[in-house]
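Novice:
Residue numbers (UniProt numbering), protein chains in the order written: chain A, 1 to 422; chain B, 1 to 422.
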């Protein structure tokens, strides 16, 4: 018996708010809401379809300071904000005039998702996954991960009072293990590489009917959480859509969901529909989508990742083809940048705006720079950059070439001399 | 010529909002607002005095989502929110029912200041210091620090487009240097210990009329930033004061300013005045204020710090006597906890509420536990815990005893077996 079936046999109607059905991305087959992620009709990913009804700005503005203010646009129970959650979201959107000047453009906004509870956008998707998983009757939150997702799952489960299982490759560095293990999750080091860990997760999801693997069996709900980035950007701009946005690409899900979020805001009348060009950012060491884009392909050839931007290092991105569609349809572009450019991107954002991003943020900033220089991003139109994670988690990536300006003896003269030479 | 004199000779009146004068803490001598921190009359610290006028809840609630919503209660220019700033504050106050249950009390609230731009409460005090420093005509933001303060100064200066000078002992670990140096501050490694660095800062503040050392020459303004913790707690509770609050003690400034903040809210009529018992938390390895409290002393004997809670490791806390006054006057208490208890406090908060605090947060949680067990904190009254910094910055402190539950082969059976034994 599936978890969905169990929920239904309790007699309680399934409440996932405005979520109405699942629909397959390829051939648009429809099926009831359930913890399933692939269509058995056309084998394409399943996505949530909605009956939105009336959604008003005033109701959202009067809601909680978290993603739950947008619950009328998410696949979550109507009383979602009543349950203990990490309550992510409502992170800063800052006008980045120093960065804009450095890049020679008119206006840049930085969406700073380092302000989330575990300091990455993964808190958003995990919170939505947990809310849906609770409604489906799951009891354990789980994931395979090497970083941000593990942190977010372990923290969200702790806060909700759930058990969690986090699977990591046993070669993961001690610091990264600590960042998740501190929440007392059942963190298991798996004797294998990340592909082995992922395969194991899919097997376990099939065997344990109480386990919700956030990015496997409840993925259609999980991935909808990324729409909240789009909702917040629009609300923070005064209920309008930006002209251009740069989004980092890992699986590609975030980019497609940001686009979906902008469209839904227009559909329900929360914003005046207007075109947003969507740009994708990859690290050259794992740039299968950028390569397909540049070669004019519709399919994405898998690669073996080799980049410091590990949170983006997915060699076979599930949503790659949909990213290509979205970017082409909106008039955007996809570019990739070297690890040195990533480091420079991190430093540029830090020194201009005081925001220390993880490597994925460096990819976004460096890609924006490259797209501006190539004339693909319009310097006279405004651009939003999504900074999705925190530099404190990828310190090792920037340690070369950053350090004290000088070592001095403890005297005024020594300090003055050092600063003259710096 | 002092910076204050320079501002005044420009003909522009000094605008520090409601701030009216400086007053000495001991004998209440009054003097004009200036970048000075010690009274030449009685050699006690100077503190800001105000003419508040009318302050309305509605104006605050309609203000920005940052500490600037409280500008009518801070020594900052009237147009403070118009200048580029890290815009700290408005961090989460969460109801911590899991933690309350674990501690056997009725209700606990956690003020989670890890959500600030550089993930500690120092962003608050630095933002206020920078705003006042700009008004006084300073051009460079500076500090001696080994951690959170350095991060906050470097980031705030970057965002404001200011130069900054950060002085650290040359023995500081590479990871901690990176966290500040990434903002391209003039970070200087000083050949000496932290006392040498501090002395050098005071000398430099005397020599460089353009340099604002946040915690030296503009300290009276800087320290007022801690009041915003009190303001936010009260507003987030629905405009009322909590019954009990636990505050970590380093210099002791934060504890006294939280008290001052609560009092000012009552004075201007934003809340109904009500008593809040204020409790102080120290690490046993640096507990001069707890020792003085327990011995019934009015003065604090300096100690040589030896604790993992480095952000609290001030052996000669400047505001120690005022902390003793405040705690005794409000009916609170001061307690200290061992490094092992600090680690347990960090883990307890993480596993119950999904918040990963730095060692100072572990001190606060562990002290609360000890005070509850001793019957000093009333289990039937609500308690607020201030969590002032992020665990990602003090990973080394918790690395012992935290790790994977098991190492397993990549099979469902191996996972199940490991979880049965965990």
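Using N, Cα and C, we set each Cβ at its ideal position, and we do this for glycine too.
#1: Do you know offhand how far residue 402 of chain A's Cα is from residue 174 of chain B's?
#2: Mind checking the segment 398-412 of chain B against chain A and listing, in chain order, the residues whose C-beta falls within less than 8 Å of any C-beta there?
#3: So the candidates are A:42, A:144 and A:66; which of them puts its Cα closest to the Cα of residue 27 of chain A?
#4: Please determine, among B:265, B:319, B:142 and B:180, the residue with the shortest C-alpha to C-alpha distance to residue 457 of chain B.
#5: Measure the beta-carbon distance from residue 19 of chain B to residue 48 of chain B and round it to whole angstroms, keeping in mind my assumption that it falls under 8 Å.
#6: Determine, for residue 353 of chain B, whether the minimum Cβ-Cβ distance to residues of chain A falls below 8 Å.
#7: Could you tell me the boundaries of the beta strand (DSSP E) in which residue 111 of chain B lies?
#8: In angstroms, rounded to a whole number, what distance separates the CA positions of residue 114 of chain B and residue 372 of chain A?
#9: Considering only residues of the segment 140-182 of chain B, which uninterrupted beta strand (DSSP E) runs meet the minimum length of 3 residues and lie entirely inside it, listed in chain order?
#10: Which residues, taken in chain order from the segment 108-119 of chain B, show a beta carbon closer than 9 Å to some beta carbon of chain A?
#11: Where residue 128 of chain B and residue 380 of chain A are concerned, what is the direct C-alpha to C-alpha distance, given to the nearest angstrom?
#12: Please decide whether residue 164 of chain B counts as near chain A, where near means a Cβ-Cβ distance under 8 Å.
#13: I need the boundaries of the alpha helix (DSSP H) containing residue 134 of chain A, first residue and last residue.
#14: On a CA-only basis, which of B:326, B:340 and B:17 is nearest residue 79 of chain B? Give me that one, please.
#15: Rounded C-beta distance between residue 22 of chain A and residue 40 of chain A? I'm assuming under 8 Å.
#16: Quick one, which residues of the segment 183-195 of chain B are near chain A if we go by CB-CB under 8 Å, in chain order?
#17: Out of A:265, A:242, A:250 and A:405, state which residue places its alpha-carbon closest to the alpha-carbon of residue 280 of chain A.
#18: Would you list, in chain order, the members of the segment 120-147 of chain B that have their beta-carbon closer than 7 Å to a beta-carbon of chain A?
#19: Tell me which residue opens and which closes the alpha helix (DSSP H) that residue 97 of chain A is part of.
#20: From this set, B:312, B:24 and B:206, which residue's C-alpha is nearest residue 148 of chain B's C-alpha?
#21: Take residue 332 of chain B and list the residues in its own chain whose beta-carbon comes closer than 6 Å to its own, dropping the five residues that flank it on each side.
#22: At 9 Å on the CB atoms, spell out the chain B contacts of residue 340 of chain A, in chain order.
#23: Just to confirm my understanding: we take residue 394 of chain B, look at its own chain, exclude 5 residues before and 5 after, and list those with CB closer than 6 Å. What are they?
#24: Below 8 Å CB to CB, which residues in the same chain sit around residue 130 of chain B once its five sequence neighbours on both sides are set aside?
#25: Give the DSSP bridge partners of residue 244 of chain B, in chain order.
#26: Measuring alpha carbon to alpha carbon, tell me which of B:337, B:292 and B:351 ends up nearest residue 327 of chain B.
#27: Return yes when the Cβ of residue 348 of chain A is within less than 8 Å of the Cβ of residue 355 of chain A, no when it is not.
#28: Can you name the residues of chain A whose CB is closer than 8 Å to the CB of residue 97 of chain B?
#29: Closest by CA to residue 396 of chain B, which one among B:329, B:307 and B:150?
#30: Please go through the same chain and pick out, in chain order, the residues whose beta-carbon is closer than 8 Å to the beta-carbon of residue 421 of chain B, but skip the five residues on each side of it.
#31: Is the separation between the beta-carbon of residue 188 of chain A and that of residue 165 of chain A shorter than 8 Å?
#32: Measuring straight from C-alpha to C-alpha, what distance separates residue 52 of chain B and residue 104 of chain A?
#33: Is the Cβ-Cβ distance between residue 398 of chain B and residue 366 of chain B less than 8 Å?
#34: If I follow the unbroken beta strand (DSSP E) through residue 22 of chain A, where does it start and stop?
#35: Could you tell me whether the segment 257-270 of chain A touches the segment 226-238 of chain A, where touching means 3 or more Cβ pairs closer than 8 Å?
#36: Taking residue 335 of chain A as part of the beta strand (DSSP E), name the residues at either end of that continuous run.
Specialist: In this structure, then:
#1: Working through the first chain from its first residue, we reach residue 402 of chain A at position 402. Working through the second chain from its first residue, we reach residue 174 of chain B at position 174. So the two alpha carbons sit approximately 10 Å from each other.
#2: Listed by position along the chain: 398, 399, 402, 403, 404, 405, 406, 407, 408, 409, 410, 411 and 412.
#3: Within the first chain, the letter at position 27 stands for residue 27 of chain A. Considering only alpha carbons, the answer is A:42.
#4: Look at the range of chain B in this structure, 1 to 422, and you will see that residue 457 of chain B is not part of it.
#5: To locate residue 19 of chain B, count along the second chain from 1; it is residue 19. To locate residue 48 of chain B, count along the second chain from 1; it is residue 48. Residue 48 of chain B and residue 19 of chain B do touch by the CB rule: their CB atoms are close to 5 Å apart, below 8 Å.
#6: For the purposes of this step, residue 353 of chain B is taken as residue 353 along the second chain, with counting starting at 1. For residue 353 of chain B, the closest Cβ of chain A is nearer than 8 Å.
#7: Mapped onto the second chain, residue 111 of chain B falls at position 111. 108-112 is the span of the beta strand (DSSP E), which, as asked, contains residue 111 of chain B.
#8: Taking the first residue of the second chain as position 1, residue 114 of chain B is located at position 114. Taking the first residue of the first chain as position 1, residue 372 of chain A is located at position 372. Cα-Cα distance, rounded: 34 Å.
#9: You should have 140-144 and 163-169.
#10: Taking 9 Å as the Cβ-Cβ cut-off, the segment 108-119 of chain B approaches chain A at 112, 114, 115, 116, 117, 118 and 119, given in chain order.
#11: In the second chain, residue 128 of chain B corresponds to position 128, counting from 1. In the first chain, residue 380 of chain A corresponds to position 380, counting from 1. Cα-Cα distance, rounded: 34 Å.
#12: Residue mapping note: residue 164 of chain B aligns to position 164 of the second chain, counting from 1. With 8 Å as the cut-off, residue 164 of chain B does not count as an interface residue toward chain A.
#13: Position 134 of the first chain holds residue 134 of chain A. Note, residue 134 of chain A: alpha helix (DSSP H), 122-136.
#14: For the purposes of this step, residue 79 of chain B is taken as the residue at position 79 of the second chain. Out of B:326, B:340 and B:17, B:17 has the C-alpha closest to the C-alpha of residue 79 of chain B.
#15: Within the first chain, numbered from 1, the residue matching residue 22 of chain A stands at position 22. Within the first chain, numbered from 1, the residue matching residue 40 of chain A stands at position 40. Not really, about 11 Å apart at Cβ, beyond 8 Å.
#16: Listed by position along the chain: 183, 184, 186, 187, 188, 189, 190, 191 and 192.
#17: In the first chain, the residue the question calls residue 280 of chain A occupies position 280. When only C-alpha atoms are compared, the closest one is A:250.
#18: Residues: none.
#19: For the purposes of this step, residue 97 of chain A is taken as residue 97 along the first chain, with counting starting at 1. Unbroken alpha helix (DSSP H) run through residue 97 of chain A: 97-103.
#20: Mapped onto the second chain, residue 148 of chain B falls at position 148. When each option's Cα is compared against that of residue 148 of chain B, the closest is B:312.
#21: Counting from 1 along the second chain, the entry for residue 332 of chain B is found at position 332. Once the five neighbours on either side are set aside, the close Cβ partners of residue 332 of chain B are 277, 278 and 279.
#22: Here residue 340 of chain A corresponds to residue number 340 of the first chain, with the count starting at 1. Those do not exist, as residue 340 of chain A stays about 15 Å from chain B at its closest Cβ, beyond 9 Å.
#23: Walking along the second chain from the start, residue 394 of chain B turns up at place 394. Same-chain partners within the cutoff: 358 and 359.
#24: Start at 1 with the first residue of the second chain, and residue 130 of chain B comes out as number 130. Close CB contacts of residue 130 of chain B within its chain, under the 8 Å cut and outside five residues either way in sequence, are with 85, 141, 156, 157, 160, 162, 212 and 214 (chain order).
#25: By one-based count along the second chain, residue 244 of chain B stands at place 244. Residue 244 of chain B pairs with B:277 and B:383.
#26: In the second chain, residue 327 of chain B corresponds to position 327, counting from 1. Closest option to residue 327 of chain B, Cα to Cα, is B:292.
#27: Translated into the one-based positions of the first chain, residue 355 of chain A becomes position 355. Translated into the one-based positions of the first chain, residue 348 of chain A becomes position 348. No. Outside cutoff.
#28: Taking the first residue of the second chain as position 1, residue 97 of chain B is located at position 97. Proximity of chain A to residue 97 of chain B at the Cβ level (cut-off 8 Å) is accounted for by 84, in chain order.
#29: In the second chain, counting from the first residue as 1, residue 396 of chain B sits at position 396. The option with the nearest alpha carbon to residue 396 of chain B is B:307.
#30: Here residue 421 of chain B is taken as the residue at index 421 of the second chain, counted from 1. Excluding positions up to five away in sequence, the list reads 406.
#31: Mapped onto the first chain, residue 188 of chain A falls at position 188. Mapped onto the first chain, residue 165 of chain A falls at position 165. Between residue 188 of chain A and residue 165 of chain A, the CB-CB gap stays under 8 Å.
#32: As a working note, residue 52 of chain B is residue 52 in the second chain. As a working note, residue 104 of chain A is residue 104 in the first chain. The straight-line gap from Cα to Cα measures roughly 43 Å.
#33: The residue given as residue 398 of chain B occupies position 398 in the second chain. The residue given as residue 366 of chain B occupies position 366 in the second chain. Result no, Cβ atoms of residue 398 of chain B and residue 366 of chain B do not sit closer than 8 Å.
#34: Stepping through the first chain from its first residue, residue 22 of chain A is reached at position 22. Run containing residue 22 of chain A: 19-24, per the beta strand (DSSP E) assignment.
#35: The segment 257-270 of chain A is in contact with the segment 226-238 of chain A.
#36: Locating residue 335 of chain A in the first chain gives position 335, counting from the first residue. Per DSSP, the unbroken beta strand (DSSP E) holding residue 335 of chain A starts and ends at 334-337.
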